[in-house]
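Enquirer: The sequence shown begins at 988 in the numbering used here and counts up by one.
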Amino acid sequence: MKESLRLDRYVASVTDYSRSDAKKLIKSGDVAVDGKVLTDPSQAVAADAQLEIDGQFVRQAEHRYFMLHKPQDYVCANRDRRFATVMDLLDEDNLDRLIIAGRLDLDTTGLVLLTDNGQWAHQVMSPRTRCYKRYRVQLEDPVPESAIDRFAKGVFLEQEKRRTLPARMKLLGEREALLEICEGRFHQVKRMFASIGNTVVGLHREAIGKLELDSALGEGEYRSLTEYEVAVVLSGTLE
Ligand code: URA
988 MKESLRLDRY VASVTDYSRS DAKKLIKSGD VAVDGKVLTD PSQAVAADAQ LEIDGQFVRQ
1048 AEHRYFMLHK PQDYVCANRD RRFATVMDLL DEDNLDRLII AGRLDLDTTG LVLLTDNGQW
1108 AHQVMSPRTR CYKRYRVQLE DPVPESAIDR FAKGVFLEQE KRRTLPARMK LLGEREALLE
1168 ICEGRFHQVK RMFASIGNTV VGLHREAIGK LELDSALGEG EYRSLTEYEV AVVLSGTLE
């Protein structure tokens, strides 16, 4: 089956329109798909549908999007004086133009997204869109069931005045959990567990929004995202 996605997401992903502007545009009858005007922003369209806005054909902006399986000991930065950076793993031109859409710590492994599309990167990272990132966490001490509720309510991280946004946790074993968070505060996962008296000893990011790390990518390997993946990473998120 051909991949499909909501029309308003499709418009926002191939243009500079925000999701809410895309909705207005669609409702006002200015958007046609494969030659037919569609006015319902929630209508599903094929990911490769031919889009027209105000009678003009719109092509996917020529942005670059990559997923990387980050190994330990690579820093998420464009340059670093002490450590190798994730950019050292990419065989691409104009690396300076790439933005890391959500950094991982030096010792964290897993999914890192890189792009030269600032708006997309912002949507992936902003807590406002509620784009959840899923981490597999190894802990020094057993995690009590009660931690699930505490994280769901939000916890106070040291030196911070605002609780963390609701997080979802599933315990996989005594000392292993899957944690989904939609913010990227400094060392957030480690500090959340510190707030309940535990220590993270292993951290791996498995997914960002609906996008899972491709299991065919070994540590240090990367690939381009498909057009569908570019759009789907934000599906199910808010504006
Ligand atoms: N939270 C952390 O503590 N570290 C990471 O690398 C990512 C999330």
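All C-beta atoms, glycine included, are put in the ideal place defined by N, C-alpha and C.
So is Ala999 buried or exposed if we call it buried at 16+ other beta carbons inside 10 Å?
Expert: On the sequence shown, residue 999 is found 12 positions in, with the first residue counted as 1. By the neighbour-count rule (16 or more Cβ atoms within 10 Å), Ala999 is buried.
Enquirer: Tell me where the alpha helix (DSSP H) around Leu1012 begins and ends.
Expert: Locating residue 1012 in the sequence shown gives position 25, counting from the first residue. Its alpha helix (DSSP H) spans residues 1006-1014.
Enquirer: Please list, following the chain, all residues that have a C-beta closer than 6 Å to any non-hydrogen atom of the ligand URA.
Expert: Result (chain order): Leu1091, Asp1092, Thr1095, His1174, Gln1175, Val1176, Lys1177, Leu1190.
Enquirer: Per DSSP, which one or two residues make a beta bridge with Val1020?
Expert: Mapped onto the sequence shown, residue 1020 falls at position 33. Answer is Lys1023, Leu1038, bridged to Val1020.
Enquirer: I need the straight-line Cα distance from Gly1105 to Ser1015, nearest angstrom please.
Expert: Here residue 1105 is taken as the residue at index 118 of the sequence shown, counted from 1. Here residue 1015 is taken as the residue at index 28 of the sequence shown, counted from 1. If I take the Cα positions, the gap works out to 27 Å.
Enquirer: What's the call for Pro1028, buried or exposed, on a 16-neighbour Cβ count within 10 Å?
Expert: Counting from one through the sequence shown, the residue named residue 1028 turns up at place 41. It is buried - the Cβ of Pro1028 has at least 16 other Cβ atoms within 10 Å.
Enquirer: Which residues does DSSP list as the beta-bridge partners of Glu1163?
Expert: In the sequence shown, the residue the question calls residue 1163 occupies position 176. DSSP, once it has assigned bridges, lists Gln1125, Gly1160 as partnering Glu1163.
Enquirer: Would you grab the beta carbon distance between His1056 and Glu1161 for me? Rounded to a whole angstrom, and I think it's under 8 Å.
Expert: Mapped onto the sequence shown, residue 1056 falls at position 69. Mapped onto the sequence shown, residue 1161 falls at position 174. Actually they are not in contact, since the Cβ atoms of His1056 and Glu1161 sit about 27 Å apart, beyond 8 Å.
Enquirer: Confirm, please, whether the CB-CB distance from Ala1033 to Ser1007 is below 8 Å.
Expert: For the purposes of this step, residue 1007 is identified with residue 20 of the sequence shown, where counting begins at 1. For the purposes of this step, residue 1033 is identified with residue 46 of the sequence shown, where counting begins at 1. Between Ser1007 and Ala1033, the C-beta gap is not smaller than 8 Å, which leaves the two residues out of contact.
Enquirer: If you draw a straight line from the C-alpha of Cys1118 to the C-alpha of Lys1140, how long is it?
Expert: Here residue 1118 corresponds to residue number 131 of the sequence shown, with the count starting at 1. Here residue 1140 corresponds to residue number 153 of the sequence shown, with the count starting at 1. The straight-line gap from Cα to Cα measures roughly 18 Å.
Enquirer: From Tyr997 to Ala1218, what does the alpha carbon distance come to, in whole angstroms?
Expert: As a working mapping, residue 997 is identified with position 10 in the sequence shown. As a working mapping, residue 1218 is identified with position 231 in the sequence shown. Roughly 7 Å separates the two Cα atoms.
Enquirer: Could you pull out every residue in the same chain whose Cβ sits closer than 6 Å to the Cβ of Met1156, ignoring the five residues on either side in sequence?
Expert: Start at 1 with the first residue of the sequence shown, and residue 1156 comes out as number 169. Correct list, in chain order: Ile1135, Phe1138, Ala1164, Leu1166.
Enquirer: Within the same chain, show all residues whose beta-carbon is closer than 6 Å to that of Gln1030, passing over the 5 residues directly before and after it, in chain order.
Expert: The sequence position of residue 1030 within the sequence shown is 43, counting from 1. Result list for Gln1030: Leu994, in chain order.
Enquirer: Just to confirm, is the Cβ distance from Val1220 to Gly1196 under 8 Å?
Expert: Start at 1 with the first residue of the sequence shown, and residue 1220 comes out as number 233. Start at 1 with the first residue of the sequence shown, and residue 1196 comes out as number 209. Taking 8 Å as the Cβ cut-off, Val1220 and Gly1196 qualify as a contacting pair.
Enquirer: Who are the near neighbours of His1174 in its chain, counting only those whose CB is closer than 7 Å to its CB and skipping five residues on each side?
Expert: Residue mapping note: residue 1174 aligns to position 187 of the sequence shown, counting from 1. Within the same chain, His1174 has close Cβ partners Asp1092.
Enquirer: What are the partner residues of His1174, as DSSP defines its beta bridges?
Expert: In the sequence shown, counting from the first residue as 1, residue 1174 sits at position 187. His1174 pairs with nothing; no bridge assigned.
Enquirer: Give me the Cα-Cα distance between Asn1081 and Val1062, rounded to the nearest whole angstrom.
Expert: Indexing the sequence shown from 1 puts residue 1081 at position 94. Indexing the sequence shown from 1 puts residue 1062 at position 75. Straight-line Cα distance between these residues: approximately 18 Å.
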